[in-house]
Amino acid sequence: MDDILFDSRSELDKLPFGAVSAGTRVRFGIRARETLGIKEMRLIVINDGGGAPCEYPLEHVWTERGYSRFEGSIHFKDTGLFWYHFKVFSESGERIVGKTDKGAGFSDGAPHSWQLTVYSPDYTTPEWIKGGAFYQIFVDRFYKSGERPIKSGAISRSDWGGIPNYKPDENGEILCNDFFGGNLDGVIEKLPYLHELGISCIYLNPIFEASSNHKYDTADYMKIDSSFGEESTFAELCSEAEKLGIRVICDGVFNHTGMDSIYFNRFGNYGDGGAYRTKDSPYYEWYGFSEWPDKYDAWWGIKTLPQVRKDSVGFRSFIAGENGVLHKWMSVGAFGWRLDVVDELSESFVGEIRRTVKSINPQALIIGEVWEDASNKIAYGERRHYFEGMELDGVMNYPLRHA
346 MDDILFDSRS ELDKLPFGAV SAGTRVRFGI RARETLGIKE MRLIVINDGG
396 GAPCEYPLEH VWTERGYSRF EGSIHFKDTG LFWYHFKVFS ESGERIVGKT
446 DKGAGFSDGA PHSWQLTVYS PDYTTPEWIK GGAFYQIFVD RFYKSGERPI
496 KSGAISRSDW GGIPNYKPDE NGEILCNDFF GGNLDGVIEK LPYLHELGIS
546 CIYLNPIFEA SSNHKYDTAD YMKIDSSFGE ESTFAELCSE AEKLGIRVIC
596 DGVFNHTGMD SIYFNRFGNY GDGGAYRTKD SPYYEWYGFS EWPDKYDAWW
646 GIKTLPQVRK DSVGFRSFIA GENGVLHKWM SVGAFGWRLD VVDELSESFV
696 GEIRRTVKSI NPQALIIGEV WEDASNKIAY GERRHYFEGM ELDGVMNYPL
746 RHA
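Position in the sequence shown (first residue = 1) + 345 = my numbering.
Right, dumping it as structure tokens:
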């Protein structure tokens, strides 16, 4: 017989289930073995945002089948992340009850607390995603329809299904510049197949101009890569997909750009401008240089991916401002965004992205790439608040792979 019975996923012990909106009164109930002789039970609530723990007395409501039940309700007025556990008082003294692998139990040290997320009352997520199926497409390897030009210096592969090159060049960099020919025309051609599968949303890996096959090294946010198609091709894809009840969302790579880009322009392939070539470039303030031009901040030290400064007003305006990147592609047909490495973006920037996207289309989707439990994620020493109503609609849910 267990000493303590509490299950945060049971409506007997916690009601409502799961996260709640601000202003909700939450009822807690816990059972303790009668032979423990518990005289008093308290709920301890800790606001992750700071402040002293709050203690709430629970009322003894009945005793039966060898257990005494204690209940109480708490009004959660503010949004935020909260942690809770219990404190019991008996003739033998004061003890803490926390979360265990089996449910609940006494803790000798600091307790493992249960989590409660409290979100904004006006926080909604798109109805169309619920119960739907998503299909991720890496365009170069999905399907080829017709011919599209291959960039100068790129390697054209005719062995569809072959293994990509993964050898560093003379500078020790892996260029990922072999192409198998998949394009947006191929995605359009396969829409009936995707519809037959029951797909409700296509998530495209990056499709904007870039030198690599993966396109996470953006060269121009305002152009579809010519090896994939044109702006009109993307517009056709979105239009034809929507006729079949399928939405298309894009990959928003807003933490870094490519070094071979109109913005950085390390090799001079985009004229005389770019942050690498002149400090007078309007893009110079986007990047962090310790010693211009060759020593610059790069994502995880990968020099092909110069990192954008988190406080760059110019870049943020370029992405989320009027006539910016978000506006352009949503006007063409994109129904939302998957934000690459979202935990490396500032929360204020993510909030700005959300406001822009939802102002264009309230039913648009914003998904973040988070590899851990996004509901209580700490990134670079800071707690993130993705699900309180001001940032994301959801995340990629990579922890599911451990299920």
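Idealized CB from N, CA, C, for every residue including glycine. The model shown is predicted, which means the values in this text are computed figures rather than measured ones.
Here the alpha carbon of LEU710 sits roughly 16 Å from the alpha carbon of ASP467. Note that the region 449 to 460 does not touch the region 655 to 672; fewer than 3 beta-carbon pairs, one per stretch, sit closer than 8 Å. A straight-line Cα-Cα distance of about 23 Å links GLU692 and PHE421. For LYS722, the CB contacts under 8 Å within the same chain, skipping 5 residues up- and downstream, are ASP688, VAL715, ARG728, ARG729 and TYR731 in chain order. Under the Cβ criterion (8 Å, minimum of three pairs), the region 699 to 710 does not count as touching the region 620 to 627. Counting only runs of at least 3 residues, the region 569 to 598 fully encloses the following beta strand (DSSP E) elements, listed from N- to C-terminal order: 592 to 597. Relative to the Cα of TYR641, the nearest Cα in the group ASN668, ASP523, THR602 and PRO627 belongs to THR602.
LEU461 is positioned such that its CB atom lies closer than 8 Å to that of PHE427. Beta-bridge annotation (DSSP): GLU727 is paired with ALA724.
Between the alpha carbons of HIS405 and GLU416 lies a gap of roughly 7 Å.
Around ALA643, the same chain offers LEU650, PRO651 and GLN652 as residues with beta carbons nearer than 6 Å, after the five sequence neighbours per side are excluded.
Between the alpha carbons of GLY590 and MET735 lies a distance of about 28 Å. Sequence-distant Cβ neighbours of CYS399 in its own chain, meaning closer than 7 Å and more than five residues away, are VAL390. Between the alpha carbons of LYS535 and GLY713 lies a gap of roughly 26 Å. When the beta-carbon positions are compared, VAL463 and VAL365 come within less than 8 Å of each other.
Under a 10 Å Cβ-count criterion, MET386 is classified as buried, with 16 or more other Cβ atoms of the shown protein chains found around its own Cβ. Pairing VAL702 with GLY681, the inter-Cα distance amounts to about 7 Å.
Taking 8 Å as the cut-off, the Cβ atoms of CYS521 and ILE552 do not count as close. Listed as beta-bridge partners of ARG683 by DSSP are ASP596 and ILE712. Judged by DSSP secondary structure, ARG378 falls outside any alpha helix (DSSP H) and instead within the beta strand (DSSP E) spanning 369 to 378.
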